[in-house]
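Chains as they are written, first to last, in our numbering: chain A, 2 to 440; chain B, 2 to 440. Beneath this line is the structure, given in structure tokens, with notes to follow.
Protein chains: 2
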Amino acid sequence: MREINVGLLGCGTVGTGVARLLLNNRDLIAARLGAALNLKRVADIDITRDRGVRFPEGVLVRDARRLVAEPDIDIVVEMIGGEGIAKELILSAIAGGRHVVTANKALLAAHGNELFRAAASKGVDLYFEASVGGCMPIIKTLRESLVGNRISAMTGILNGTCNYILSKITDEGSTFEDALANAQQEGYAEADPTLDVEGHDTAHKIAILSALAFGMEINLKDIYIEGISRITPLDIEFAGQFGYRIKLLAISKAHAAAVETRVHPTMIPFDNILSNVNGTLNAVTVTGDAAGDILLYGRGAGMMPTASAVVSDLVDLARNLIAGGGPGRLPGLAYQMQNIRRIPVLSIDEISTHYYFRFLALDRPGVLSTVSGILGRHGISIRSVQQKGRKTNGAVPVVMLSHRAREADVRQALAEIGALDVVAARPALIRIEDDKLVD
Amino acid sequence: MREINVGLLGCGTVGTGVARLLLNNRDLIAARLGAALNLKRVADIDITRDRGVRFPEGVLVRDARRLVAEPDIDIVVEMIGGEGIAKELILSAIAGGRHVVTANKALLAAHGNELFRAAASKGVDLYFEASVGGCMPIIKTLRESLVGNRISAMTGILNGTCNYILSKITDEGSTFEDALANAQQEGYAEADPTLDVEGHDTAHKIAILSALAFGMEINLKDIYIEGISRITPLDIEFAGQFGYRIKLLAISKAHAAAVETRVHPTMIPFDNILSNVNGTLNAVTVTGDAAGDILLYGRGAGMMPTASAVVSDLVDLARNLIAGGGPGRLPGLAYQMQNIRRIPVLSIDEISTHYYFRFLALDRPGVLSTVSGILGRHGISIRSVQQKGRKTNGAVPVVMLSHRAREADVRQALAEIGALDVVAARPALIRIEDDKLVD
């Protein structure tokens with residue numbers, strides 16, 4: 002039986018998962034592929050730690066650069082992470098004519114355009130199913146299954162850490178801090194949780210998906226990013242009273258000559274299926290002109306779900322090698338290189354959506370009319386106002402839901418409202434996605 | 002730009018959708034594929050009807066056999082349906098060395114083993130993404146994304162007609178007959194609805210998915226099939242009181258040396274995401290050893306969702322042709338032909354699950370103890386008994402939920418209970434899938 006030789010760079014959690022899956026399900030994979038995926042070499046700085054995997058003698062080595070240069074490695078799997086050595090090794094593998102598989106969303110979001118250009122000009126493939134959504138086949142769905150569709154929108158819960166924390170606050174009324182501490186204890190959040198909870202990881206992923214869906218260069222830097230660290234149990238409770246749940250969503254929509262791509266906590270109605278995606282699970286909906294809405298749902302991270310996606314890339318590449326065709330069967334960013342455009346990402350000021358505002362107002366006559374007056378002058382019309390909860394220090398929480406409004410107007414109005422003497426503390430703003438609302 | 006020539010057999014609803022998508026999104030598809038998918042010929046018995054598609058002169062013809070034999074057609078798309086002429090034309094296309102795309106689940110479920118053998122021995126591909134789940138990429142997910150996973154179970158809502166009818170009964174308390182009439186009026190059910198409502202269409206689909214998941218020959222004839230025509234508003238209401246919704250599920254599970262594959266109305270808990278899949282939508286969950294559970298959700302039928310899946314197959318095949326590799330890059334039934342086994346499907350008598358029983362009992366002392374005695378003698382233990390609703394003609398509905406029991410035992414017990422003088426009418430039985438129940 003033919004063997005396809007795989008070299009694995011980095012044997013941490015996910016790398017170990019890949020090794021384990023290749024070894025444990027070797028016969029099963031061969032029965033499907035018609036060839037063996039042979040884990041030829043694994044490079045990691047630590048070659049003594051017990052990973053619960055029995056590598057044959059000589060497989061585990063320390064020198065990643067040498068692995069990349071080995072002539073009989075067909076596919077290099079980069080599981081190191083980060084933008085430093087991982088980028089150098091991927092570029093070096095590409096230069097050496099190796100196909101590459103990676104799960105490194107941070108790297109692809111920041112340097113993907115350069116990497117895919119390098120791969121295309123060298124005639125090798127760079128596959129990355131595991132970079133977004135773990136085992137959910139969202140990359141394959143966009144590049145292959147929806148290839149006949151003009152895609153208009155995507156909405157995703159793409160970070161399990163954030164979803165776990167928000168589920169915890171929703172179900173147990175914990176504070177963000179307590180829910181984060183719990184997530185860290187359970188192993189669902191890193192010691193430094195910034196990348197996850199401030200929305201950057203989600204932004205990396207939606208930057209990649211947007212490129213695939215809309216035929217654009219990857220553009221991370223223009224995406225609006227807001228994390229979940231300011232979400233309070235109070236807002237989650239009020240949201241529930243209005244029929245909404247709060248999720249950290251990545252939203253990306255096609256406009257005529259731009260895209261709208263943003264990451265922020267968002268209220269979605271209970272009957273939106275995404276509102277029932279809880280715990281560390283991920284889900285993403287994609288809207289195509291032929292398919293309508295489709296949703297994928299599953300484990301977006303973790304050792305074995307991520308390994309599952311890596312192995313699917315390995316088998317795809319192995320099939321290309323075995324079929325004996327030319328390289329580049331599938332273009333890296335879903336469109337042929339010459340058709341990829343630089344499409345502007347709208348500034349958050351330019352978007353328009355529905356809003357939830359909460360502020361603490363002194364319980365005095367005329368306050369509501371002053372606030373409404375400011376909103377009205379900025380063209381923001383209100384569909385619901387409620388005074389919620391109990392008075393503390395003479396102030397009461399007031400909650401308003403707006404009709405569709407322009408974000409720039411909303412921000413100016415909130416700045417004016419926040420500056421009022423009768424309003425204590427900065428108003429809270431949470432965006433609402435609700436397809437049923439008509440403006 | 003290179004052109005790949007497509008010949009379309011059958012231009013009814015879905016065929017017209019394929020034509021429309023290929024024509025409307027021609028440039029978009031070319032920008033992704035790097036070649037044009039050229040709708041070279043369309044064969045239909047009716048070449049005069051206005052389909053809202055402008056075919057160039059000479060494209061629309063009447064002679065399907067001649068189309069299949071045209072030397073410059075690269076891929077034949079079969080959209081005729083049924084097992085007669087469709088099978089003949091597919092075999093003839095294969096014999097002529099053409100790749101084939103079909104959405105014909107009835108044909109694949111009945112004759113798939115023969116068709117895939119013919120394609121493999123001729124070195125051509127037979128693709129069928131649109132045969133199950135419409136635009137949901139379930140075939141691609143099983144054949145490609147989960148290729149590294151040992152798959153243990155699948156559960157699906159795979160028929161939009163049944164799901165629409167059950168949703169209607171659930172939401173509006175309609176009878177089956179009224180809900181069916183409504184579905185027919187809305188165009189969601191055929192004039193002869195048997196294929197859908199009696200579960201056969203669902204069985205065709207799970208027969209195909211089971212082959213892909215478990216490496217077995219397609220086996221339709223041994224699948225237990227029960228439709229939704231005996232489901233009453235009463236059972237749906239009682240189900241709701243126990244926290245369950247009733248869905249027509251296709252269930253397929255791997256056992257050590259057999260598979261358990263069955264289609265029947267099933268109670269699932271409210272917090273199972275499948276219980277929230279309503280209307281004509283479809284969804285399917287797959288459990289893999291590495292991925293865990295993943296779910297796909299979307300439009301399982303209809304003109305454009307089905308066309309979306311057909312075009313994804315066309316592009317996949319076109320990529321194979323353009324890459325210039327050998328044929329059979331991807332084995333038709335997910336496993337290499339020599340690894341496909343004949344795996345037995347368990348008889349329904351051999352399965353064990355949880356049950357809901359409802360019977361009308363005369364309101365007399367000792368009835369419940371007689372019934373419980375019969376169940377007990379057959380080893381069926383009861384976790385809940387409730388007398389529900391009002392007395393009619395001296396009889397009251399009694400509802401029981403069982404712990405896990407063997408179906409053969411359940412059937413014998415119900416036959417004995419149904420024969421009792423104190424029990425009016427045949428007891429109703431609905432199976433329950435509830436992962437949270439521990440036995």
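A virtual CB, placed ideally from N, CA and C, is assigned to each residue, including glycine.
The alpha helix (DSSP H) enclosing B/Q413, as first and last residue numbers: Here residue 413 of chain B refers to the residue found at position 412 of the second sequence. Run containing B/Q413: E408 to G419, per the alpha helix (DSSP H) assignment.
If B/G301 and B/G134 are in contact, beta carbons under 8 Å, what's the gap, nearest whole angstrom? For the purposes of this step, residue 301 of chain B is taken as residue 300 along the second sequence, with counting starting at 1. For the purposes of this step, residue 134 of chain B is taken as residue 133 along the second sequence, with counting starting at 1. Their Cβ separation, rounded to whole angstroms, is 5 Å, which keeps B/G301 and B/G134 in contact under 8 Å.
Same chain, Cβ closer than 6 Å to A/R151, five either side skipped, listed in chain order: Numbered from 1 along the first sequence, position 150 holds the residue referred to as residue 151 of chain A. Once the five neighbours on either side are set aside, the close Cβ partners of A/R151 are D290.
Going straight from the alpha carbon of A/T176 to that of A/I170, what length do you get? For this step, residue 176 of chain A is matched to residue 175 along the first sequence. For this step, residue 170 of chain A is matched to residue 169 along the first sequence. Cα to Cα, A/T176 sits roughly 6 Å from A/I170.
What does A/T142 touch in chain B if you count any residue whose Cβ is under 7 Å from its own? The residue given as residue 142 of chain A occupies position 141 in the first sequence. Taking a Cβ-Cβ threshold of 7 Å, the residues of chain B close to A/T142 are P138, in chain order.
Taking the alpha helix (DSSP H) that A/K169 belongs to, which residues open and close that run? As a working mapping, residue 169 of chain A is identified with position 168 in the first sequence. Segment G161 to E173, the alpha helix (DSSP H) holding A/K169.
Would B/S168 be called buried (16 or more neighbouring beta carbons within 10 Å of its own) or exposed? Locating residue 168 of chain B in the second sequence gives position 167, where the first residue counts as 1. Buried is the call here.
Below 8 Å between beta carbons: does that hold for B/I219 and B/A110? For the purposes of this step, residue 219 of chain B is identified with residue 218 of the second sequence, where counting begins at 1. For the purposes of this step, residue 110 of chain B is identified with residue 109 of the second sequence, where counting begins at 1. It is a contact, given that the beta carbons lie within the stated cut-off.
Would a C-beta distance cut-off of 8 Å place B/A335 and B/R118 closer than the cut-off? Taking the second sequence and counting its residues from 1, the one referred to as residue 335 of chain B is at position 334. Taking the second sequence and counting its residues from 1, the one referred to as residue 118 of chain B is at position 117. No, the Cβ-Cβ distance between B/A335 and B/R118 is not below 8 Å.
Can you check whether the CB of B/L438 is closer than 8 Å to the CB of B/F358? Mapped onto the second sequence, residue 358 of chain B falls at position 357. Mapped onto the second sequence, residue 438 of chain B falls at position 437. The Cβ atoms of B/F358 and B/L438 lie no closer than 8 Å to each other.
For A/R50, does the three-state DSSP call read helix, strand or coil? Start at 1 with the first residue of the first sequence, and residue 50 of chain A comes out as number 49. Three-state result, A/R50: coil.
Return yes when the Cβ of A/E4 is within less than 8 Å of the Cβ of A/A44, no when it is not. Within the first sequence, the letter at position 43 stands for residue 44 of chain A. Within the first sequence, the letter at position 3 stands for residue 4 of chain A. Going by C-beta atoms, A/A44 is not nearer than 8 Å to A/E4.
Classification of A/A284 by the beta-carbon crowding that lies within 10 angstroms, buried from 16 upward: Here residue 284 of chain A refers to the residue found at position 283 of the first sequence. When all chains shown are included, A/A284 counts as buried.
If you follow the alpha helix (DSSP H) that A/N114 is in, where does it begin and where does it stop? Locating residue 114 of chain A in the first sequence gives position 113, where the first residue counts as 1. That run of the alpha helix (DSSP H) goes K106 to K123.
Between the CA atoms of A/D236 and A/L376 - distance to the nearest angstrom: Translated into the one-based positions of the first sequence, residue 376 of chain A becomes position 375. Translated into the one-based positions of the first sequence, residue 236 of chain A becomes position 235. Distance between the alpha carbons of A/L376 and A/D236 is about 21 Å.
Is A/P306 close to chain B, meaning its C-beta is less than 8 Å from at least one C-beta of that chain? Walking along the first sequence from the start, residue 306 of chain A turns up at place 305. Yes, contact with chain B.
Could you run through the region 227–254 of chain A and flag, in chain order, every residue whose CB is less than 9 Å away from some CB of chain B? none
Comparing alpha-carbon positions, which option in A/Q337, A/R246, A/S211 and A/E130 lies nearest A/N279? Position 278 of the first sequence, counted from the start, is the residue given in the question as residue 279 of chain A. When each option's Cα is compared against that of A/N279, the closest is A/R246.
Just checking my contact of A/I1 with A/V264 at CB under 8 Å: how many whole Å lie between their CB atoms? Nothing about residue 1 of chain A can be reported from this structure: the residues present for chain A run from 2 to 440 only.
Work out the CA separation of B/A310 and A/R320 for me, nearest whole Å. Taking the first sequence and counting its residues from 1, the one referred to as residue 320 of chain A is at position 319. Taking the second sequence and counting its residues from 1, the one referred to as residue 310 of chain B is at position 309. Going by the C-alpha atoms only, they are around 21 Å apart.
Tell me the DSSP secondary structure of A/P332 in three-state form. In the first sequence, the residue the question calls residue 332 of chain A occupies position 331. Coil, per DSSP.
Host beta strand (DSSP E) of B/S385 (start-end): Working through the second sequence from its first residue, we reach residue 385 of chain B at position 384. Segment I383 to Q388, the beta strand (DSSP E) holding B/S385.
DSSP beta-bridge partners for B/K254? As a position in the second sequence, residue 254 of chain B is number 253, starting the count at 1. B/K254 is bridged to B/A154 and B/E261.
Between A/L331 and chain B, is any beta-carbon pair separated by less than 8 Å? The sequence position of residue 331 of chain A within the first sequence is 330, counting from 1. So yes, A/L331 belongs to the interface.
Let me check one thing: in DSSP terms, what residues is A/A429 bridge-paired to? Position 428 of the first sequence holds residue 429 of chain A. Beta-bridge pairing links A/A429 to A/R359.
Interface partners of A/N340 on chain B, CB under 7 Å: Counting from 1 along the first sequence, the entry for residue 340 of chain A is found at position 339. The contacting residues are A32.
Going by DSSP, name the residue or residues bridged to A/G293. For the purposes of this step, residue 293 of chain A is taken as the residue at position 292 of the first sequence. For A/G293, which the question treats as bridged, DSSP gives the partners A/G289.
Where does A/E191 fall in DSSP's three states? Taking the first sequence and counting its residues from 1, one reaches residue 191 of chain A at position 190. Reduced to three states, the DSSP call for A/E191 is coil.
Please report the straight-line C-alpha distance between A/A180 and A/G188, rounded to a whole angstrom. Taking the first residue of the first sequence as 1, we reach residue 180 of chain A at position 179. Taking the first residue of the first sequence as 1, we reach residue 188 of chain A at position 187. So the alpha carbons of these two residues sit roughly 12 Å apart.
Chain A residues whose Cβ lies nearer than 9 Å to that of B/Y189: Walking along the second sequence from the start, residue 189 of chain B turns up at place 188. None at all; the shortest Cβ gap to chain A is about 15 Å.
Against chain A, with Cβ distances strictly below 8 Å, would B/G395 count as a contact? On the second sequence, residue 395 of chain B is found 394 positions in, with the first residue counted as 1. Output row for B/G395: interface = no.
Just the chain A side, please: which residues come within less than 8 Å of B/G35 by C-beta, in chain order? The sequence position of residue 35 of chain B within the second sequence is 34, counting from 1. Within chain A, the residues near B/G35 are P332 and Q337.
Near-chain A residues of the region 14–30 of chain B (beta-carbon distance less than 7 Å), N- to C-terminal order: L22, N26, L29 and I30
Is DSSP giving B/K41 helix, strand or coil here? Walking along the second sequence from the start, residue 41 of chain B turns up at place 40. DSSP places B/K41 in strand when its eight states are reduced to three.
Tell me whether A/D75 is buried or exposed, calling it buried when 16 or more other Cβ atoms sit within 10 Å of its Cβ. As a position in the first sequence, residue 75 of chain A is number 74, starting the count at 1. Burial call: buried.
Closer than 8 Å at the beta carbon, the chain B residues around A/G299: On the first sequence, residue 299 of chain A is found 298 positions in, with the first residue counted as 1. For A/G299, the residues of chain B that pass the 8 Å Cβ criterion are A292, G293, D294, I295 and L296, in the order they occur in the chain.
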